[in-house]
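Mapping to the UniProt record's numbering: the sequence shown position 111 is 111, numbers consecutive.
Where a beta carbon is used, it is the ideal one built from N, C-alpha and C, also for glycine.
If you're wondering where the values come from, they're calculated on a predicted model, not measured in any experiment.
Here's the structure, in structure tokens; my notes come after.
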Amino acid sequence: MAEFGCAKCYGEDERAVWGRQREGFEHEAEVVDGSRFAVNLRRCLGCSQRFVWIFTEVVDWMGGDDAQYVTIMPVTAEEATGLRSGTLRPHALGALGRDRRHLNHDWPTGGPARLHWRSGRFLVAGAR
């Protein structure tokens, strides 16, 4: 497994990493800009590690308590370049999870929010 990030952006404490998302990261590029699905490239201000930030909202049209999911995963310089140029499509990002950990913030409809580290492939549902 490749080494990614620093203790501030990729450390064991998921709450600390989540808390740094606003001030500790720089927004580099919008890959997909949508209200229900978005993919952005961000960079840690401490170590320059790049991350992909994937937001998905699942609208059920009932009650307004729509599920929201965020996945934050480190990417290599080559992967970041591929996302910017279009040679790495957003739907392919989930396969990269097989060899690296990613931070998930899940807020299902009617349920409490959950923040946790995961490893393994994941579905990128909003990609086209």
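Beta-carbon separation of residue i and residue j under 9 Å?
i: His-102; j: Val-124; result: no
i: Leu-41; j: Leu-83; result: yes
i: Thr-71; j: Phe-4; result: no
i: Ala-95; j: Glu-28; result: no
The beta strand (DSSP E) spanning residue i covers which residue range?
i: Thr-56; result: 50 to 58
i: Leu-103; result: 101 to 107
Let me make sure I understand the geometry here. Which of the options has the alpha-carbon closest to that of residue i?
i: Tyr-10; options: Asp-33, Gln-68, Arg-50, Asp-66; result: Arg-50
i: Gly-97; options: Arg-36, Gly-120, Gln-21; result: Gly-120
i: Ser-85; options: Gly-111, Arg-114, Glu-3, Val-32; result: Val-32
i: Thr-56; options: Pro-108, Ala-80, Trp-117; result: Pro-108
i: Asp-106; options: Glu-79, Phe-25, Val-39, Ile-54; result: Ile-54
i: Arg-100; options: Arg-118, Thr-87, Ala-67, Glu-28; result: Arg-118
i: Ala-113; options: Leu-88, Leu-93, Gln-68; result: Gln-68
i: Gly-24; options: Glu-12, Ala-7, Ala-38, Leu-88; result: Ala-7
i: Ala-77; options: Asn-104, Asp-66, Arg-43; result: Arg-43
Go ahead and pull the three-state DSSP assignment for residue i.
i: Leu-123; result: coil
i: Ala-67; result: strand
i: Cys-9; result: helix
i: Met-1; result: Legend: pLDDT at Met-1 = 48, less than 50; position of this residue unreliable, no value from coordinates given.
i: Ala-29; result: strand
i: Leu-41; result: strand
Classify residue i: buried if its beta carbon has 16 or more other beta carbons within 10 angstroms, exposed otherwise.
i: Gly-110; result: exposed
Identify the continuous alpha helix (DSSP H) that holds residue i and give its terminal residues.
i: Ala-95; result: 93 to 96
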